[in-house]
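K.L.:
The opening position of the sequence shown corresponds to residue 1184 in this note's numbering, with each subsequent residue numbered one higher.
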Amino acid sequence: MQKGDVKFVLIGLLPALSFIFPFTFYPIAYAVYVSTLRYDLKYPEQIAFAGFDNFIEVLTSYYMADSVQATIIFVVIAVPIVVLLSLGLAMLLNQNFRGVGFLQWLVLVPWAIPLVDSGAIWKWIFDANYGIFNAALKSLGLIDSYVPWLNLRWPAMLVLVIAFLWVQLPLPTLLFLAGMQSIPQELYEAAVIDGAGAWAKFRTITLTWLRPFMLIVAVYTSLMAIWTFDLVYVITAGGPGNFTAVISYYTWSEMFTFLNFGRASALSFLVVLVSIGLIIAYFRALRIGRLRLRA
């Protein structure tokens, strides 16, 4: 790219950057600044420079250990399920049958529902007193009395995973569907001539073609899982016993429960660093995948 081309590109990016800067870069920079302060609203007269103390405090806090554990469990369970389910849904929606248009519309329904409302719906479904899940199990004779699912550690985590699946499935499904529809049909026709079966075509053509899409979906879903707050706040409020208090909920607690803006900003900055690390890993994996495909 020549010098004049670079200048033209930068000029073209100015409108977008002028919008992004005040809403993205400035808040991050301000969070980094606040993370170096002892900024506790309970003692506003004692605001002072703290250096790395906030980072040390949050990293050594027992709450941080619980939060990291909850986040890892949530990501490890939710992300693979989202990838596999969205891939399966995309394969279904890629078929030609009556009603496929309605199913494609149905997949998009969760996008039309605000996150807080989605959380309220799933909390009501699994409510210990009047939830329809308990009612269905009792009517089938599977339980004798209503079970407080959201007060039990693993059931509460699984309810969050289910709600997360409901919210996050549309975009990965559309990405996989777009990827499948971009596969040249000549590849499948050549595979049929070579005697390849359905599994062989799926493994050697579909999965190979969709590898970049799978990386995008995995990284996107991982970021969404790490950043999940609304569902946790509405459904479990971090309970029981901090078992579902993921890192975003911990950050919120530091800021709005303990009123410690310094530690909350330090946590936010750490989450940004983890997110950047995931994005870098995605680009490296994508580049390696492209090199292997060319080879």
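Don't be surprised by glycine CBs; every beta carbon is placed ideally from N, CA and C.
1. Are the beta-carbon atoms of Thr1434 and Leu1414 separated by less than 8 Å?
2. According to DSSP, is Phe1280 part of a helix, a strand, or is it coil?
3. Need the endpoints of the alpha helix (DSSP H) that Glu1372 sits in, please.
4. Taking the beta carbon of Glu1437 as the centre, do at least 16 other beta carbons fall within 10 Å, making it buried, or is it exposed?
5. Starting from Arg1386 and walking both ways along the alpha helix (DSSP H), at which residues does that stretch end?
6. On the premise that Ile1418 lies in contact with Leu1343, defined as a C-beta separation below 8 Å, what is that separation, rounded to the nearest angstrom?
7. Excluding the five sequence neighbours on either side, which residues of its own chain have a C-beta within less than 7 Å of the C-beta of Val1217, listed in chain order?
8. I'd like the list of long-range same chain contacts for Ile1264, defined as Cβ closer than 8 Å, with 5 residues on each side in sequence excluded.
9. Say whether the region 1253-1263 touches the region 1391-1406, bearing in mind that this needs 3 or more beta-carbon pairs closer than 8 Å, one atom from each stretch.
10. Would you mind listing the alpha helix (DSSP H) stretches within the region 1293-1367 that are 4+ residues and don't spill past its ends, in chain order?
11. Give every residue of the same chain whose Cβ lies closer than 7 Å to the Cβ of Phe1309, excluding the five residues on either side of it in the sequence, and list them in chain order.
12. On the CB-based measure, 16 or more other CB atoms within 10 Å of its CB, does Gln1364 come out buried or exposed?
13. Please report how far the alpha carbon of Thr1356 lies from the alpha carbon of Phe1280, in whole angstroms.
14. Helix, strand or coil: how does DSSP classify Phe1206 here?
15. The alpha helix (DSSP H) spanning Glu1240 covers which residue range?
16. Measure the alpha-carbon distance for Thr1254 versus Val1350 and round it to whole angstroms.
17. Does DSSP put Leu1196 in a helix, a strand or coil?
18. Per the contact definition of three or more C-beta pairs closer than 8 Å, is the region 1454-1465 in contact with the region 1386-1403?
19. Just how far apart, CA to CA, sit Ala1373 and Gly1195?
20. Can the beta-carbon of Gly1424 be found less than 8 Å from the beta-carbon of Tyr1432?
21. Using a Cβ-Cβ cut-off of 6 Å (strictly less than) and excluding sequence neighbours within five positions of Val1290, which residues of its own chain qualify?
22. Going straight from the alpha carbon of Gln1368 to that of Thr1389, what length do you get?
23. Using only the alpha-carbon positions, how far apart do Ala1379 and Leu1370 sit?
24. Do Ala1233 and Thr1219 have their beta-carbon atoms positioned less than 8 Å apart in this structure?
25. Which two residues bound the contiguous alpha helix (DSSP H) that contains Thr1440?
26. Round the Cβ separation of Val1330 and Ala1311 to the nearest angstrom and send it over; I've been treating them as touching at under 8 Å.
27. Where do the N-terminal and C-terminal ends of the alpha helix (DSSP H) with Leu1393 fall, by residue?
28. Alpha carbons only, please: which of Leu1469, Leu1453 and Val1457 is nearest the one belonging to Ile1239?
P.N.:
This is what the structure gives:
1. By 1-based counting over the sequence shown, the position of residue 1434 is 251. By 1-based counting over the sequence shown, the position of residue 1414 is 231. No, Cβ-Cβ distance for Thr1434 and Leu1414 is not below 8 Å.
2. Looking up residue 1280 in the sequence shown gives position 97. Residue state, collapsed to three classes: coil.
3. Numbered from its first residue, the sequence shown carries residue 1372 at position 189. Start and end: Gln1368 to Ile1376.
4. For this step, residue 1437 is matched to residue 254 along the sequence shown. By the 10 Å Cβ count, Glu1437 comes out buried.
5. Position 203 of the sequence shown, counted from the first residue, corresponds to residue 1386. Run containing Arg1386: none; DSSP gives neither H nor E here.
6. Start at 1 with the first residue of the sequence shown, and residue 1343 comes out as number 160. Start at 1 with the first residue of the sequence shown, and residue 1418 comes out as number 235. Sure, about 6 Å apart at Cβ, within 8 Å.
7. As a first step, residue 1217 must be located in the sequence shown, where it is residue number 34. The residues are Phe1444, Gly1445 and Ser1448.
8. Counting from 1 along the sequence shown, the entry for residue 1264 is found at position 81. Cβ within range, chain order: Val1344 and Leu1348.
9. yes
10. 1298-1308, 1315-1322, 1336-1351 and 1353-1364
11. Taking the sequence shown and counting its residues from 1, one reaches residue 1309 at position 126. Phe1316, Trp1332, Leu1333 and Val1342, listed in sequence order.
12. Along the sequence shown, one-based indexing puts residue 1364 at 181. Exposed: under 16 other Cβ atoms inside 10 Å.
13. Along the sequence shown, one-based indexing puts residue 1356 at 173. Along the sequence shown, one-based indexing puts residue 1280 at 97. Using only the alpha carbons, I get a separation of about 18 Å.
14. Numbered from its first residue, the sequence shown carries residue 1206 at position 23. Of the three classes helix, strand and coil, the one that applies to Phe1206 here is helix, per DSSP.
15. Working through the sequence shown from its first residue, we reach residue 1240 at position 57. Per DSSP, Glu1240 belongs to the alpha helix (DSSP H) from Asp1236 to Thr1243.
16. Taking the sequence shown and counting its residues from 1, the one referred to as residue 1254 is at position 71. Taking the sequence shown and counting its residues from 1, the one referred to as residue 1350 is at position 167. Each residue's Cα considered, the two are about 17 Å apart.
17. Locating residue 1196 in the sequence shown gives position 13, counting from the first residue. If DSSP states are grouped into helix, strand and coil, Leu1196 belongs with the helices.
18. yes
19. Within the sequence shown, numbered from 1, the residue matching residue 1373 stands at position 190. Within the sequence shown, numbered from 1, the residue matching residue 1195 stands at position 12. Approximately 44 Å between the Cα atoms of the pair.
20. Reading the sequence shown from its first residue, position 241 is the one you call residue 1424. Reading the sequence shown from its first residue, position 249 is the one you call residue 1432. Contact: no.
21. Your numbering for residue 1290 matches position 107 in the sequence shown. Excluding residues within five positions, the ones whose Cβ falls inside 6 Å are Pro1353 and Thr1356.
22. Reading the sequence shown from its first residue, position 185 is the one you call residue 1368. Reading the sequence shown from its first residue, position 206 is the one you call residue 1389. Going from the Cα of Gln1368 to the Cα of Thr1389 covers about 11 Å.
23. Taking the sequence shown and counting its residues from 1, one reaches residue 1379 at position 196. Taking the sequence shown and counting its residues from 1, one reaches residue 1370 at position 187. Those two C-alpha atoms are separated by around 11 Å.
24. What you label residue 1219 is simply residue 36 of the sequence shown in a count that begins at 1. What you label residue 1233 is simply residue 50 of the sequence shown in a count that begins at 1. Yes, these two residues count as a Cβ contact at 8 Å.
25. Residue numbering aside, residue 1440 sits at position 257 when the sequence shown is read from its first letter. It is not in any alpha helix (DSSP H) - Thr1440 carries neither H nor E in the DSSP assignment.
26. As a working note, residue 1330 is residue 147 in the sequence shown. As a working note, residue 1311 is residue 128 in the sequence shown. Going by Cβ atoms, the distance from Val1330 to Ala1311 rounds to 7 Å, so yes, they are a contact pair.
27. For the purposes of this step, residue 1393 is taken as residue 210 along the sequence shown, with counting starting at 1. That run of the alpha helix (DSSP H) goes Leu1390 to Trp1410.
28. As a first step, residue 1239 is located in the sequence shown; it is residue number 56 there, counting from the start. Nearest option by C-alpha distance: Leu1453.
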